[in-house]
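Student:
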Amino acid sequence: MSALEPVYLVLGTDPARVATVVSRLKAHFPSEAIETHAAMSGSSVELLGGFQTLGLLAEQRLVIVAGAHEWPADDVNRILKYLEQPADDVVLLLLADKLASNSRLKKAFAKPRLIECPGPDKPDQLRAWAEGLFAATGTRGDRAAIKRLIQLCCGVDPSDARAVRELDGNDLARLRTDIERISTYAGSDPVDVAMVEELASRVTDEKVWIIGEAWARRDRSAFLRLVEQLLAQREHPVRIAGAIGRHIKQVDDAHHLLRTMGPGQALDALVAGGANQWAAKKVVEQAQRVQTAQVDAALCRIAMLDAELKGANALGGRVGEDSAAGARIVLERGLLELV
């Protein structure tokens, strides 16, 4: 353990480089001595309090905290205080996508405790990064195909400097996974736009988390603007409504858990049930902001909307998967009643 620092901050959005750092640190510990947590408001209290319990077990452990960039000031203050006297039997590994240069958390770290893994944050860097991933698999993707893949997978125009700069680690990890999967399918064939259209993951489900944030805080303008972005990306209204409905159901599940336990316990329960750590963190945070009546009303309205989109609707016609124009009208009208 003497070869390791007591605390590390891994800062950056490049998924491969971050994964490499995490894997190397994990190699120093048996699997049962590794914990993974998600940073959320107030979670540092439970996290740091748990280190005292670990000391009683006399077992050296690696504690990984993902999303440290999302911690509010109170949590950052607790971590900074912990840095003054870290536990002897814990290696704390903080993972953060991006932190401002004047961030107190970032300024508290220097090499070797600070490990930077920057991802592409300019349009030309993003294109070159994607081209390099294709090349690494022995496959070639033409520029039009790469542009379309970024649009579908990340939900941004790859020539928009601001949008590219705002991509996070989840966006790049999803893009990397898609490139690897499409390359496997393509084999020796070049990857073109048609292949991307057929195989690429859509950003709908990922963007729904952001839509959920707007719904939870009752921000109607942001909610509808995000839905319009999905429609502009040629997502079908039926798929959008389905994704929003599934998300609200997840928030409802978390809301039920919070009636009998704290946020940290609810997060652990969702993860134990098979939920992704990041996804569970988001739904717990959103569930803390909403009232029971808001969730119940949303579940009822989204079920009605789903029925309208798939069958008979108030316009008197049939709205199915082949009637995107009519479905769009029904979707927009129905979603107005959610926020």
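Quick note, the sequence shown lines up with residues 0 to 338 if you use numbering that gives the first Met the number 0.
Positions of the beta carbon are idealized from the N, C-alpha and C atoms, including for glycine.
Would you call the CB atoms of Thr19 and Ile63 closer than 7 Å?
Tutor: Cβ atoms of Thr19 and Ile63: not closer than 7 Å.
Student: Count the other CB atoms, across all protein chains shown, that sit within 10 Å of the CB of Leu314; report buried if there are 16 or more and exposed otherwise.
Tutor: Low confidence applies to Leu314: its pLDDT is 45, below 50, so where it sits in the model is not reliable enough to give any reading.
Student: According to DSSP, is Leu257 part of a helix, a strand, or is it coil?
Tutor: helix
Student: Could you give the residue range of the beta strand (DSSP E) that holds Glu34?
Tutor: Ile33 to Ala37
Student: From which residue to which residue does the beta strand (DSSP E) around Arg217 run?
Tutor: Here Arg217 belongs to no beta strand (DSSP E), and DSSP marks it neither H nor E.
Student: Within the same chain, show all residues whose beta-carbon is closer than 8 Å to that of Arg327, passing over the 5 residues directly before and after it, in chain order.
Tutor: Leu230 and Pro236
Student: In terms of residue numbering, what span does the alpha helix (DSSP H) encompassing Ala95 cover?
Tutor: Boundaries around Ala95 are those of the beta strand (DSSP E), Val89 to Ala95, since no alpha helix (DSSP H) includes it.
Student: Can you check DSSP and say which residues form a bridge with Arg342?
Tutor: Only positions 0 to 338 of the chain appear in this structure, which leaves residue 342 out of reach.
Student: Using a Cβ-Cβ cutoff of less than 6 Å, which residues in the same chain neighbour Ala185 once the five nearest sequence positions on both sides are dropped?
Tutor: The residues are Thr138.
Student: Going by alpha carbons, who is nearest to Gly168 out of Leu10, Pro5, Ala199 and Asp74?
Tutor: Leu10
Student: What residue range does the beta strand (DSSP E) around Glu115 cover?
Tutor: Leu113 to Glu115
Student: With Ala37 and Gln285 assumed to form a contact (beta carbons below 8 Å), what rounded beta-carbon distance in angstroms separates them?
Tutor: So it is not a contact: roughly 14 Å between Cβ atoms.
Student: Do Ile347 and Leu225 have their CB atoms nearer than 7 Å?
Tutor: The structure shown has nothing for residue 347, since the chain only spans 0 to 338.
Student: To the nearest angstrom, report how far apart Arg317 and Met303 are at their CA atoms.
Tutor: Low local confidence applies: a pLDDT of 41 at Arg317 is under 50, so the model's placement there is unreliable, with the coordinate-based value given in what follows. Using only the alpha carbons, I get a separation of about 15 Å.
Student: At which residue ranges does the segment 93 to 175 contain complete alpha helix (DSSP H) runs of 4 or more residues, listed in the order of the chain?
Tutor: 103 to 106, 122 to 135, 142 to 153 and 160 to 164
Student: Using the Cα positions of Lys248 and Cys299, report the straight-line distance between them to the nearest angstrom.
Tutor: 11 Å
Student: Asp13 to Pro117, Cα distance in whole Å?
Tutor: When rounded, the separation of the alpha-carbon atoms in Asp13 and Pro117 is 6 Å.
Student: Tell me the DSSP secondary structure of Ala65 in three-state form.
Tutor: strand
Student: When you compare each of Val75, Asp177, Val6 and Gln59 to Ser356 by their alpha carbons, which one comes out closest?
Tutor: The requested residue 356 is not part of the displayed model; the chain covers only 0 to 338.
Student: Please classify Val190: does DSSP put it in a helix, a strand, or coil?
Tutor: strand
Student: Determine which residues share a DSSP beta bridge with Val6 and list them.
Tutor: Leu91
Student: Give a yes or no on contact between the segment 98 to 106 and the segment 125 to 134, applying the rule of three or more CB pairs nearer than 8 Å.
Tutor: no
Student: What residue range does the alpha helix (DSSP H) around Pro262 cover?
Tutor: If you look at Pro262, you'll find it in the alpha helix (DSSP H) that goes Pro262 to Ala271.
Student: Assuming the contact rule is C-beta atoms closer than 8 Å, Val190 and Gly140 should be a hit. Round their C-beta distance to whole Å, please.
Tutor: 4 Å
Student: Using DSSP with H/G/I as helix, E/B as strand and the rest coil, what is Ala18?
Tutor: helix
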